[in-house]
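Peer 1:
In this note's numbering, the protein residues as written are 3 to 124.
1. Below 8 Å CB to CB, which residues in the same chain sit around residue 51 once its five sequence neighbours on both sides are set aside?
2. Please say whether residue 76 and residue 48 have beta carbons closer to each other than 9 Å?
3. Compute the distance between the beta-carbons of residue 95 and residue 37, then report whether it is under 9 Å.
4. Count the other CB atoms within 10 Å of the CB of residue 73; is the residue buried (16 or more) or exposed (fewer)?
5. Check for me: the alpha helix (DSSP H) holding residue 15 runs from which residue to which?
6. Assuming residue 79 is part of the alpha helix (DSSP H), what are its boundary residues?
7. Determine the closest residue to residue 1 out of 54, 99, 64, 93, with distance taken between C-alpha atoms.
8. Please confirm whether residue 88 and residue 57 have their CB atoms less than 9 Å apart.
9. Please check the pair residue 33 and residue 99, which I expect to be a contact at CB under 8 Å, by giving their CB distance rounded to whole angstroms.
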């Protein structure tokens with residue numbers, strides 16, 4: 003009986019640690035790769051780094067005052083909208099991952115909360 007108990011505890015701890023590694027660490031790596039690839043696709047549209055680098059350069063190589071002023075304002079607002087979009091996207095991505103991470107904790111809480119032993123102790 004003692005060997006079986008040691009074996010059962012060993013298998014349960016192995017399964018729990020394997021689940022935690024898979025659910026939290028592996029899924030984080032996959033999800034982070036997915037988010038980075040989406041950000042790279044978004045950067046093809048927003049061109050945030052290039053726009054920031056050319057912020058004070060004239061628009062379409064027009065070196066008149068109008069080219070400088072229009073270039074600054076167009077690029078400035080493109081940076082503002084791109085920055086807001088990136089911030090909202092990253093906040094939603096973080097919220098989705100936190101929600102994903104909370105699912106096992108929520109299920110465990112519900113299982114323990116409705117356990118007959120816990121109901122007897124209340």
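Quick reminder that beta carbons are idealized off the backbone N, C-alpha and C, glycines included.
Peer 2: Concretely, from the data shown:
1. 45
2. no
3. yes
4. buried
5. 4-22
6. 67-115
7. There is simply no residue 1 to check, as the chain begins at 3 and stops at 124 in what is shown.
8. no
9. 6 Å
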